[in-house]
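Residue numbers (this note's numbering): 105 to 164. Don't be surprised by glycine CBs; every beta carbon is placed ideally from N, CA and C. Below is one structure, written out as structure tokens; the observations come after it.
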């Protein structure tokens with residue numbers, strides 16, 4: 105079965121990026137959110153990656 109990475113409509117806080125990534129890989133979206141926060145404090149890479157994902161990942 106073919107799966108697509110899309111933004112989540114159910115696990116959504118800002119744009120649904122972390123929820124969509126969590127659903128795609130079958131893990132808790134909170135872990136993805138914590139990873140983005142850690143990357144944001146470690147040189148702002150998390151902010152840029154999140155914004156890029158918010159732009160390129162389609163809605164479901």
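**Study point:** N- and C-terminal bounds of the alpha helix (DSSP H) containing residue 224
**Key:** With the chain represented from 105 up to 164, any question about residue 224 goes unanswered, as that position is not in the structure.
Practice item. Could you name the residues that DSSP lists as bridge partners for residue 163? Key: Reading the chain shown from its first residue, position 59 is the one you call residue 163. According to DSSP, which records beta bridges pairwise, residue 163 is partnered with 111.
Point to revise | Sequence-distant residues of the same chain with beta carbon closer than 7 Å to residue 128, five excluded per side | key: Your numbering for residue 128 matches position 24 in the chain shown. Here residue 128 has 107 and 109 as same chain residues with Cβ atoms under 7 Å from its own Cβ, once five neighbours each way along the sequence are excluded.
Check your understanding: What is the residue span of the alpha helix (DSSP H) that residue 143 lies within?
Key -> As a first step, residue 143 is located in the chain shown; it is residue number 39 there, counting from the start. Residues 133-145.
Practice item. Mark residue 162 as exposed unless 16 or more other C-beta atoms lie within 10 angstroms of its C-beta, in which case mark it buried. Key: Within the chain shown, residue 162 is the residue found at index 58, counting from 1. It counts as exposed.
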